[in-house]
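Read the structure below first, then the notes.
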Amino acid sequence: METIYLDNAATSFPKPPAVARRMAEYLTAVGATVNRSVYGAAQEAGAVALRLRQRICRLFGTDDPTRVILTPGNTWGLNLVLRGFLRPGDHCLVSAMEHNAVMRPLQDLAAAGVTFDRIPCDGAGRLDVSAVEPLLRPETRLVVLAHGSNVSGTVQDAAAVGEICRRRGVAFCLDAAQTAGHLPIDFRALGLSALSAPGHKGLLGPSGIGVLVLDPAFAAQLTPVVTGGTGSASDSELQPPYLPDRFEPGTPNVPGIYGLEAALDYLETVGIDAVATHDRRLTARFLAGLRAIPGAALVGPDGTEGRVGVLSVDFPGLDNAVAADRLEQEFGILTRCGLHCAPAAHRTLGTFPRGTVRFSLGPFNTEAHVDAALEAIAAVSAG
Ligand code: PMP
29 METIYLDNAA
39 TSFPKPPAVA
49 RRMAEYLTAV
59 GATVNRSVYG
69 AAQEAGAVAL
79 RLRQRICRLF
89 GTDDPTRVIL
99 TPGNTWGLNL
109 VLRGFLRPGD
119 HCLVSAMEHN
129 AVMRPLQDLA
139 AAGVTFDRIP
149 CDGAGRLDVS
159 AVEPLLRPET
169 RLVVLAHGSN
179 VSGTVQDAAA
189 VGEICRRRGV
199 AFCLDAAQTA
209 GHLPIDFRAL
219 GLSALSAPGH
229 KGLLGPSGIG
239 VLVLDPAFAA
249 QLTPVVTGGT
259 GSASDSELQP
269 PYLPDRFEPG
279 TPNVPGIYGL
289 EAALDYLETV
299 GIDAVATHDR
309 RLTARFLAGL
319 RAIPGAALVG
329 PDGTEGRVGV
339 LSVDFPGLDN
349 AVAADRLEQE
359 FGILTRCGLH
369 CAPAAHRTLG
379 TFPRGTVRFS
389 LGPFNTEAHV
399 DAALEAIAAV
409 SAG
C-alpha cells in the first residue's frame, strides 16, 4: 500500500532532492569543516555556511549574517534563550499553548528562582493579546511565544505582542517551529529579540540543525550555555565575545549546513508566499471535508485565517490512538496521535489527556492526499 505522509509538523518529508544531493556531495567530495582550516575545501564549506546565514537573513528580513546562530536544533536554540537570559528573580511570560521545548527548560528555571505566567488562550488556542500587559511585572524580562501551535495550527498575533514588548522594554522570543518556511516572517516588523526555528520542518532541511536569529541588544545580554572551541581567538581560554562564534561552540553540523542551504535555495525559488497559498488551499479543503464527517471533530480554528495546516482531529467514539493506527494500517495515512510534546496546549484546547490525531500538511502534499485522508477519516469514524 502506498503511504501518504501527513506528519510534516513532526518533520517535513519529502525534502527537495537537492538536500540529499548536497549533503552527499559534502560527505563524499568536500569533507572539511568550517572556520578552522584555510585550504580550498574548508573555504568552500565556509562559503556555504555564509550563504546559509545570508539566506536566513533574507527569509526573516534581517541583514547581518553574523546574527544568525546555527544551532543543533530548535530545542537547543530555545534553551539558549531561556537559560542564557533569565536569572533568579526574573519573570517570564509564555502562552498557554507552548511546546515542552519551552516549558521544560522554564520549569527547570522555575526551580532555580525564575517565575513565569501563562498568557491565556481561547478554546481554539488563540492568544488573548489584551491579557499580556496586565501580566507584565517590573521584573518581567522575557516573553516567549509559540508562533504557530504544533497541536492546532493556531497562529498568534506576534506583531501585537511585539509592539507591547517593545513599548514596555521586555525581550520577545518567537518559537517559529511551525511557521518558519510556512508563512512570511519579518523579524523587525514583529519586534523580535530572538527567533528560533528548526531546520527540519518547514525549512525543509535535515534534522540536527536549527537557526537562532538574534537582535544585537538581546545578544549582548545573553550568556552562552555551552562553551568551547570556535576555531577563532584560539589564543584565549575565554569564549569570544563576538557573533556568531560566541554561541557556536564545537565543530558544527556541516552536512546539515549543506542540506539546509540547499533547502533554502529551493524555498527561495518557490517563494514563501506560494508555499503559504498552497498550505491555505489544502487546509481549506481539509476543513470543508471534515465538517461533513459527523464522527470526527476538529480541534482548533475552524477557518483558514490565523492558522497553518496543522490540523488536530478528535474521534469522539474511539480511542484516538486506535484511530491513528487504523488510518495507517488500513489507508496508509501517516499522522501523529497523542499529546505532541505539548500538554499545556492540549489542556488549553480541552483535549488533555485524551490527545488528538494530528494531520499536518507540507508543500509536497496534494489535494489528492487531502481527499484520501478525508475518505479514511470518514471510514474510521464510521466504525
Ligand atoms: N516548538 C514547537 C512549537 C514545536 O512544534 C517543536 C517540534 N515539535 C519544537 C518547539 C521543538 O523542535 P525540535 O524538536 O525540532 O527541537
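Heads up, the sequence shown is in the numbering used here, so the first residue is 29 and it goes up one at a time. Cβ coordinates follow ideal geometry from the N, Cα and C atoms, glycine included. The structure displayed is predicted, hence computed values, not measured ones.
Cβ-Cβ separation between Ala370 and Asn128: approximately 7 Å, consistent with a contact (criterion under 8 Å). Cys369 sits in coil when the DSSP states are folded into three classes, being neither helix nor strand. The Cβ neighbour count for Val183, taken over all protein chains shown within 10 Å, is at least 16; the residue is labelled buried.
Rounded to the nearest angstrom, the gap between the Cα atoms of Glu358 and Arg169 is 50 Å. Bounds of any alpha helix (DSSP H) do not take in Cys149, whose DSSP letter is neither H nor E. Taking C-beta atoms as the reference points, Leu223 and Leu202 count as a pair closer than 8 Å. If you draw a straight line from the Cα of Gly151 to the Cα of Val327, it comes to about 9 Å. Assignment of Gly101 by DSSP, reduced to helix, strand and coil, places it in the coil class. Those residues having their beta-carbon less than 5 Å away from any non-hydrogen atom of ligand 1 are, in chain order, Gly101, Asn102, Thr103, His127, Ala129, Ala174, Asn178, Asp203, Ala205, Pro226. Between the C-alpha atoms of Gly345 and Ser409 there is a straight-line separation of about 7 Å. Contact between the stretch 110-120 and the stretch 278-288 is absent: fewer than three C-beta pairs spanning the two stretches fall below 8 Å. Sequence-distant Cβ neighbours of Thr31 in its own chain, meaning closer than 7 Å and more than five residues away, are Gly360, Leu362. The stretch 99-109 and the stretch 195-210 touch, with three or more beta-carbon pairs separated by less than 8 Å. In this chain, Leu87 is not harboured by any beta strand (DSSP E); it is covered by the alpha helix (DSSP H) spanning 68-88. Val179 and Thr311 do not touch by the CB rule: their CB atoms are close to 15 Å apart, not below 8 Å.
In terms of CA proximity to Leu295, Leu231 leads the group Leu231, Pro252, Ala372, Ala186. Leaving aside the five residues that flank Thr61 on each side, the residues in its chain whose CB is nearer than 6 Å to its CB run, in chain order, Thr279, Val282. The DSSP-derived three-state label of Leu339 is strand. According to the DSSP secondary-structure assignment, His374 is paired through a beta bridge with no residue. In the displayed model, Asp92 falls within coil according to three-state DSSP, outside both helix and strand. The C-alpha of Ser264 is placed about 48 Å away from the C-alpha of Phe392. Per the C-alpha coordinates, the member of Thr376, Ala407, Asp214 positioned closest to Ala186 is Asp214. Using a Cβ distance threshold of 8 Å, Phe144 and Leu121 count as a contacting pair. Restricting attention to Pro212, Met125, Gly181, Ala199, the CA atom closest to the CA of Phe380 is found in Met125. Per DSSP, the beta-bridge partners of Cys201 are Val172, Ala222. Leu87 and Gly299 have their C-alpha atoms roughly 10 Å apart. Around the Cβ of Met51, a 10 Å sphere holds 16 or more other Cβ atoms; the residue is buried. Annotation note: the stretch 232-309 contains the following uninterrupted alpha helix (DSSP H) runs of length 4 or greater, listed N- to C-terminal: 244-247, 282-298. For His127, there is no enclosing alpha helix (DSSP H), as DSSP marks it with neither H nor E. A Cβ-Cβ distance of about 6 Å is found for the pair Thr90 and Val241, placing them in contact under the 8 Å criterion.
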